[in-house]
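J.:
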Amino acid sequence: MEFKELVEQIAVKVAERIAELEESLQIEAPSSVELCPKPKILILTEDHGTACHELLEKESLKHKFEIICALNEEYQCDSQQFDRIVLGSFSNTSLGKIAEGIGDTPFTQAVMKAILLGKQLIVPNEEMELFQYRETAPKLYYGRMMQKIEFLKNIGIQFCNADQLESILLGNEGVPEKKSCTGEPAKEVAEVCENKSGGSVKFEKRIITERDIRTAYEQHATQICIAQKTIITDLAREYAEQRGISFTIG
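Residue numbers (the numbering used here): 252 to 501.
(1) Can you look up Pro357 in the DSSP assignment and give me helix, strand or coil?
(2) Return helix, strand or coil for Thr296, following the three-state DSSP convention.
(3) In the DSSP assignment, what residue or residues form a beta bridge with Pro375?
(4) Residues in the same chain with beta-carbon distance under 8 angstroms from Gln479, minus the five sequence neighbours each way, listed in chain order, please.
(5) Might you give, ordered along the chain, the residues of its own chain that have their beta carbon closer than 7 angstroms to the beta carbon of Glu435, omitting 5 neighbours on each side?
(6) Among Gln331, Arg385 and Gln383, which has the Cα closest to the Cα of Met363?
(7) How many Å lie between Phe410 and Glu378 at the Cα?
(8) Would Val374 be called buried (16 or more neighbouring beta carbons within 10 Å of its own) or exposed?
(9) Please state if the CB of His299 and the CB of Leu272 are separated by a distance shorter than 7 angstroms.
(10) Which residues does DSSP list as the beta-bridge partners of Gln474?
(11) Leaving aside the five residues before and after Lys370 along the sequence, list all residues of the same chain whose C-beta is less than 7 angstroms from its C-beta, in chain order.
(12) Starting from the C-beta of Ser448, find all residues in its chain whose C-beta is less than 6 angstroms away, skip the five residues before and the five after it, and write them out in chain order.
(13) Within a Cβ cutoff of 8 angstroms, which residues of the same chain sit near Glu267, ignoring the five residues on either side of it in sequence?
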């Protein structure tokens with residue numbers, strides 16, 4: 252047998268053996284493998300039936316996130332596993348405890364752990380018990396309680412209106428620009444007044460919010476110039492009163 256013929260026979264045998272091995276090795280990938288697990292949202296509440304539980308039924312959120320209620324799990328949830336945490340039914344008692352670092356309930360313990368882990372916490376304003384007493388509470392006492400909320404904001408907890416929550420969770424936090432009749436974005440600019448004595452800020456906006464007043468306060472403003480028809484929200488006015496900021500028409 253010639254050498255060339257021998258090599259061809261060996262090659263045929265090798266090819267046949269490879270084909271046999273390929274048929275016998277049937278490796279099936281698990282059908283339930285989740286290559287890209289969904290990010291998780293944890294709902295932390297003190298009791299059921301609160302507005303934030305509507306998130307469990309939001310199809311837009313269920314498509315993007317795995318949403319878990321801590322109460323349904325009897326608080327047996329590891330905050331480390333969650334990307335975002337929504338707080339609900341936030342009582343004055345829990346507000347005071349969390350601000351002072353007291354975790355003596357499953358709710359306050361879970362919130363404190365999430366804060367220490369650096370998690371993103373979001374609170375709908377409608378879930379804050381304190382805001383129910385805006386009109387009746389003594390200003391001094393209400394101001395002291397508001398300082399606790401400011402403390403929570405300063406450590407990174409985000410407060411928003413309930414109708415903004417879904418958009419924030421989906422990452423659409425920006426407010427769409429208002430268009431004028433000419434199609435150009437409406438101007439809503441806050442600018443510092445040219446005041447030699449300092450401490451004065453001018454807002455060229457139709458509506459002044461608490462965030463605007465906070466910005467002015469950070470600029471060490473003691474007086475805010477507004478237009479005649481400017482609307483000041485209740486929270487903005489309260490924030491200004493607590494910090495001795497006055498309004499003038501100009």
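Glycine included, C-beta positions come from ideal geometry on N, C-alpha and C. Every value quoted in this text rests on a predicted model; they were computed, and no experiment measured them.
T.: Walking through what the data contain:
(1) Three-state DSSP puts Pro357 in a helix.
(2) Reduced to three states, the DSSP call for Thr296 is strand.
(3) Looking at the DSSP assignment, Pro375 forms a beta bridge with Cys411.
(4) Listed in chain order, the non-local C-beta contacts of Gln479 below 8 angstroms within the same chain comprise Ile500, local neighbours out to five positions each way being set aside.
(5) The predicted model places Glu435 with a pLDDT of 38, which falls under 50 and marks its position as unreliable; any figure quoted below should be read in that light. For Glu435, where only same-chain residues beyond five positions count, there are no Cβ hits under 7 angstroms.
(6) Of the candidates Gln331, Arg385 and Gln383, the residue whose Cα lies closest to the Cα of Met363 is Gln331.
(7) Cα to Cα, the separation comes out at about 10 angstroms.
(8) Buried is the call here.
(9) Between Leu272 and His299, the gap from beta carbon to beta carbon reaches 7 angstroms or more.
(10) BP columns for Gln474 point to Ser451 and Ser497.
(11) For Lys370, where only same-chain residues beyond five positions count, the Cβ hits under 7 angstroms are Ser330, Phe333 and Ile336.
(12) Annotation note: pLDDT 47 at Ser448 (below 50); position unreliable, coordinate value reported separately. Exclusion of the five residues before and after Ser448 leaves no residue of its chain whose Cβ lies closer than 6 angstroms to its Cβ.
(13) None.
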